[in-house]
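Heads up: the structure comes next, in structure tokens.
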């Protein structure tokens with residue numbers, strides 16, 4: 001019996017509203033951006049889905065963090081300065097996905 005969803009979820013990013021809001025607040029234009037709710041991803045991960053793509057969430061976290069950094073520090077131009085907060089945002093996002101959404105903490 002097959003589940004009612006694909007075994008590989010392409011384009012399954014949840015499009016976290018906080019990052020979309022951050023991008024829009026600091027000069028971006030992403031009206032109406034939406035994704036798959038994390039609860040649905042959690043359910044899929046607990047069943048037969050073995051690959052869930054979340055790249056869009058990673059790009060949103062990085063872009064939002066960089067836009068915010070430049071808005072708050074307009075004279076900075078060194079990537080070592082603005083990539084630090086972006087890396088932190090991605091790290092926190094991945095940590096959340098591993099522990100709270102995908103249920104794969106400690107299963108590597």
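Residue numbers (our numbering): 1 to 108.
Where a beta carbon is used, it is the ideal one built from N, C-alpha and C, also for glycine.
- In this structure, the straight-line span from the alpha carbon of residue 22 to that of residue 65 is close to 8 Å.
- Just so you know, the alpha carbons of residue 58 and residue 93 end up roughly 7 Å apart.
- Under the DSSP definition of a beta bridge, residue 8 partners with 51.
- Here DSSP, grouped into helix, strand and coil, assigns residue 30 to coil.
- Annotation for residue 46: the continuous alpha helix (DSSP H) segment containing it runs 38-46.
- Residue 8 sits exposed, since fewer than 16 C-beta atoms from the chains shown fall within 10 Å of its C-beta.
- If the five residues before and after residue 68 are omitted, its C-beta is found closer than 7 Å to the C-beta atoms of 22, 26, all from its own chain and listed in chain order.
- Taking the Cα of residue 38 as reference, the smallest distance to any Cα among 62, 99, 88, 89 is reached at 99.
- A contact is defined here as three or more CB-CB pairs under 8 Å, and the segment 35-50 meets this definition with respect to the segment 10-17.
- Counting only residues of its own chain and dropping the five nearest sequence neighbours on each side, residue 24 has a CB closer than 7 Å to the CB of 30.
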